[in-house]
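Colleague:
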Amino acid sequence: MSNKLNDKVMKIKAFIISGVSLAIIAAVFTACSGDKSQETHREEADQIMEEIQQEEQTSAQKVFYALPSPFEVAMLIKASGANFTPEVMNSVENAAKYSTMQQKALNIGVYGADLSLAIIFGQSQSAINYIAQIKDLTESLGVTEAFDNQQMEKIDHVKDNPDSLKRLVSESYQMADSYLKDNERQSVAGLILTGGWLEGLYITTQLIDVENPNPDLVELIGEQRFTLENILGLLQPYKEDENVKEVYQDMEALYQIFEKVEETEEVNVQKQDKLKGMVIGGETTVKISPEVLKQIKEKVAEIRNKYTQG
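Letter 114 of the sequence shown, counting from 1, is numbered 113 in numbering that gives the first Met the number 0, and no numbers are missing.
1) How is Val209 classed by DSSP in three states: helix, strand or coil?
2) Compare the C-beta of Phe146 against all C-beta atoms of chain B and say whether one is closer than 7 Å.
3) Quick one: what's got a C-beta closer than 6 Å to Ala145's C-beta in the same chain, skipping five residues either side?
4) Since Glu262 sits in a beta bridge, which residues does DSSP pair it with?
5) Which value, in whole angstroms, describes the spacing of the CA atoms of Ser68 and Leu200?
6) Quick one: residues in its chain with C-beta nearer than 7 Å to the C-beta of Phe28, no 5 flanking neighbours on either side, listed in chain order?
7) Assuming Leu197 contacts Ala104 under a Cβ cut-off of 8 Å, what Cβ separation, rounded to an integer in Å, is found between them?
8) Assign Arg166 to one of two classes, buried (16 or more other C-beta atoms within 10 Å of its C-beta) or exposed (fewer than that).
9) Go through its chain and collect everything with a Cβ distance to Gln255's Cβ below 6 Å, but skip five positions before and after it.
10) Would you say Ile127 and Lys158 are within 7 Å of each other, going by their C-beta atoms?
11) Take the Cβ of Ala94 as the centre, count every other Cβ of all protein chains shown within 10 Å, and call the residue buried at 16 or more, exposed below.
12) With DSSP run on the structure shown, which of helix, strand or coil describes Phe146?
13) Around the Cβ of Ser186, are there at least 16 other Cβ atoms within 10 angstroms (buried) or fewer (exposed)?
14) Write down every uninterrupted run of the beta strand (DSSP E) in the region 155-195 whose length is 3 residues or greater and which is fully enclosed by it, in chain order.
15) Pull up the distance between the alpha-carbon of Glu71 and that of Glu239, whole angstroms please.
16) Am I right that Thr84 and Leu206 are in contact with their C-beta atoms under 8 Å? What's the rounded C-beta distance?
17) Would the beta-carbon of Val243 fall within 7 Å of that of Leu253?
18) So, for Met88: in the same chain, excluding its five sequence neighbours on each side, which residues have a beta-carbon less than 6 Å away from its beta-carbon?
19) Helix, strand or coil: which one does DSSP assign to Val243?
20) Is it true that the CB of Glu261 sits closer than 7 Å to the CB of Lys286?
21) Buried or exposed, going by whether 16 or more other CB atoms sit within 10 Å of the CB of Lys96?
22) Output the distance between the C-alpha atoms of Glu290 and Thr143, rounded to the nearest integer angstrom.
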């Protein structure tokens, strides 16, 4: 990880720690003011530290899980005027190739992004095909509740209703995510999120003409620099895990290219807010040269194809 990115991750952690440190100081001070035994104070301090560690973990997860959903990316792609292009999506036939935990977890995310695109573009049969493969992959990881028979029946009944289908699929992914976290399998959840993000970025870069790019897609790609920082922060605690290590290194290599994306901060930008009316604020914009855009497109394709081709 570059020094610049590492500083950002450490600042996030430092912010979390500084907030909860105030709590422990206050708690210990209050405890010492009474007439309890030293042993009692020690037990209370241990309990407080345990609670703080849990608070830090929860806070970190809130920061690092703040990623755009595949549905959001799919909607932005559609809003840009792009057409539904199944050729750029991962074929459901590839699912039979995935045998390792890493492959299964990443491609649950990949298929989730493809599924989101199919739903947003109203391709119900394509969506059902992806759901079937996601169901098989999640079950092979021991997550049976997310796409059980009852949930699949609900999905089948609403397959021609994009809004209802989107809601049920989101529920299933939330159930899978909760199950993995509750069973201390956060690294698997992290790989699923990474796979979904990577596929969304892959599709976006495949739809763009480097020489004459769609400005909306360029902006969407450039903003992924900030999301990639969150991805790296999410995977960092598990970067020595055999299932995560290679993925983490690939994300680092991709980030080195994204560091070439130029950021500009515009001040005194007027925005219309429905609740507050006209407000003044700052806005960060991104600029990508054709050369950097080409590098991002090629690197994303290289990484994505490595994990989807089995």
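Note that CB positions come from ideal geometry on N, CA and C, so glycine has one too. None of the values given here were measured: they were computed from a predicted structure.
Modeller: Walking through what the data contain:
1) One-based indexing of the sequence shown puts residue 209 at position 210. In the structure shown, Val209 sits in coil (DSSP, three-state: anything other than H, G, I, E or B).
2) Judged by its chain identifiers, the structure shown contains no chain B, having just a single protein chain.
3) Position 146 of the sequence shown, counting from 1, holds the residue named residue 145. If we look at Ala145 and ignore the five residues flanking it on each side, its Cβ neighbours are Thr137, Ser171, Met174 and Ala175.
4) Here residue 262 refers to the residue found at position 263 of the sequence shown. Looking at the DSSP assignment, Glu262 forms a beta bridge with Val285.
5) As a working note, residue 68 is residue 69 in the sequence shown. As a working note, residue 200 is residue 201 in the sequence shown. Cα-Cα distance, rounded: 12 Å.
6) Within the sequence shown, residue 28 is the residue found at index 29, counting from 1. Per-residue confidence for Phe28 stands at a pLDDT of 41, beneath the threshold of 50, marking its modelled position as unreliable; no derived number is given.
7) As a position in the sequence shown, residue 197 is number 198, starting the count at 1. As a position in the sequence shown, residue 104 is number 105, starting the count at 1. Contact flag wrong, Cβ pair sits at about 12 Å.
8) The residue labelled residue 166 in the question sits at position 167 within the sequence shown. It is exposed - the Cβ of Arg166 has fewer than 16 other Cβ atoms within 10 Å.
9) Taking the first residue of the sequence shown as 1, we reach residue 255 at position 256. There are no such residues.
10) Stepping through the sequence shown from its first residue, residue 127 is reached at position 128. Stepping through the sequence shown from its first residue, residue 158 is reached at position 159. Result yes, Cβ atoms of Ile127 and Lys158 sit closer than 7 Å.
11) In the sequence shown, the residue the question calls residue 94 occupies position 95. Buried, because 16 or more other Cβ atoms sit within 10 Å of the Cβ of Ala94.
12) Counting from one through the sequence shown, the residue named residue 146 turns up at place 147. The answer is coil: DSSP assigns Phe146 none of H, G, I, E or B.
13) Working through the sequence shown from its first residue, we reach residue 186 at position 187. Buried is the call here.
14) none
15) Locating residue 71 in the sequence shown gives position 72, counting from the first residue. Locating residue 239 in the sequence shown gives position 240, counting from the first residue. The alpha-carbon atoms of Glu71 and Glu239 are separated by roughly 31 Å.
16) Numbered from 1 along the sequence shown, position 85 holds the residue referred to as residue 84. Numbered from 1 along the sequence shown, position 207 holds the residue referred to as residue 206. Their Cβ separation, rounded to whole angstroms, is 7 Å, which keeps Thr84 and Leu206 in contact under 8 Å.
17) Here residue 243 refers to the residue found at position 244 when the sequence shown is read from its first residue. Here residue 253 refers to the residue found at position 254 when the sequence shown is read from its first residue. Not in contact: Val243 and Leu253 (Cβ atoms no closer than 7 Å).
18) For the purposes of this step, residue 88 is identified with residue 89 of the sequence shown, where counting begins at 1. Result list for Met88: Asp113, in chain order.
19) Numbered from 1 along the sequence shown, position 244 holds the residue referred to as residue 243. Here Val243 sits in coil by DSSP.
20) Taking the sequence shown and counting its residues from 1, the one referred to as residue 286 is at position 287. Taking the sequence shown and counting its residues from 1, the one referred to as residue 261 is at position 262. Yes; because the gap between Cβ atoms is below 7 Å, this pair is in contact.
21) To locate residue 96, count along the sequence shown from 1; it is residue 97. Lys96 should be labelled exposed.
22) Start at 1 with the first residue of the sequence shown, and residue 290 comes out as number 291. Start at 1 with the first residue of the sequence shown, and residue 143 comes out as number 144. Cα to Cα, the separation comes out at about 45 Å.
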